[in-house]
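Taking UniProt numbering, the leading residue of the sequence shown gets 1, the next gets one more, and so forth.
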Amino acid sequence: MIFLLNPAMNLKLQAYSEILKRIISTEYQPGQRISEKELSQELNIGRTPIREALLQLRQEGLINVVPQSGTYITKIDLCVAISARFIRESIETRIVKEATALNDRTAMAKLQKTIANQKFFSKQKEFEKFFGEDEAFHREFYLMTNHQQVWEWLQTTNMQLNRFRMLRLKVKTLPWESLINEHEKILKAVKNHEPDEAERLIANHLHLMLDEKDALLNTFPDYFTNVPDKK
């Protein structure tokens, strides 16, 4: 049996994917006002698919509709991002530790390639492609340990965290090279079958958000909401 794509749904998914990408990359800035008409013109997609995409993004906390005012990109919810980081660290430390027991040469080659790509994009200052390779590096550990479904589940909780991580690449005082160096150390520990060291390194790596959040808050003070009080 041949199933045909629903053209309307396909356009909705296209609109959703493109708007989401622009929100995560901060091309659409936190707090920015947007409109169905302008999005329809920019993306060359009809108003109905745009409206459906915005509804989904609103449900995911990325769009806010203010009565008598308009539709806005939500600011980055720092508490949600911090909670997502906690969930990811709790899971990913176990994932990486599990990976140290494997001898997957294909996965090791892919991980090495993502690091090489990160070095290239770092020199080119192509932050979106750098971020894509960063995601590919972490995702590979889930794939090699047969936990792809877990990675996909995490994406639904990681949206505010990913906005934070993307924005981090725009802070001049936070070099990209430090991220690459940490990836190299993690990969080395996995290759050498050092579970405790790999677990320690990935935990420290995922803790960076907490160490660097003040730099982001100082650089982009208007981009955040729900900021915890400093203790």
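Note that the Cβ used here is the ideal one computed from N, Cα and C, for glycine as well.
| query | Are Leu57 and Tyr16 closer than 8 Å when you measure CB to CB? | reply | For the pair Leu57 and Tyr16, the CB atoms are nearer than the 8 Å cut-off.
| message | Please report the distance separating the alpha-carbon of Met166 from that of Lys125. | response | A direct Cα-Cα distance of roughly 13 Å separates Met166 from Lys125.
| field | CB contact flag (Gln112, Leu187, <8 Å) | value | Going by C-beta atoms, Gln112 is nearer than 8 Å to Leu187.
| query | Which one of Thr48, Leu78, Ile45, Gln68 has the shortest CA to CA distance from Gly61? | reply | Residue nearest to Gly61 within the set Thr48, Leu78, Ile45, Gln68 is Leu78 (criterion: CA-CA distance).
| Residues in its own chain within less than 7 Å of Trp151 by CB, not counting five upstream and five downstream? | Sequence-distant Cβ neighbours of Trp151 in its own chain, meaning closer than 7 Å and more than five residues away, are Arg139, Tyr142.
| message | Determine whether the beta carbon atoms of Ile76 and Phe224 lie at a separation below 8 Å. | response | Going by C-beta atoms, Ile76 is nearer than 8 Å to Phe224.
| task | Please classify Asn117: does DSSP put it in a helix, a strand, or coil? | result | The three-state secondary structure of Asn117, taken from DSSP, is helix.
| query | With C-beta atoms as the reference, is Phe45 less than 8 Å away from Gln14? | reply | A quick correction: the sequence has Ile, not Phe, at residue 45. Ile45 places its beta carbon less than 8 Å from that of Gln14.
| In or out: Lys172 buried (at least 16 other Cβ within 10 Å) or exposed? | With fewer than 16 other Cβ atoms within 10 Å, it is exposed.
| task | Using the DSSP secondary-structure output, state which residues sit across from Asn218 in a beta bridge. | result | Under DSSP, no beta-bridge partner is assigned to Asn218.
| field | Same chain, Cβ closer than 8 Å to Ile36, five either side skipped, listed in chain order | value | Just to set this straight, residue 36 is Glu in the shown sequence, not Ile. The answer, listed in chain order, is Arg47, Ile50, Arg51, Leu54, Thr71.
| query | Can you give the Cα-Cα distance for Leu11 and Glu197, rounded to whole angstroms? | reply | Cα to Cα, the separation comes out at about 46 Å.
| request: Using only alpha-carbon positions, find the residue among Pro228, Arg163, Asn146 that is nearest to Glu135. | output: That would be Arg163, whose Cα lies nearest to the Cα of Glu135.
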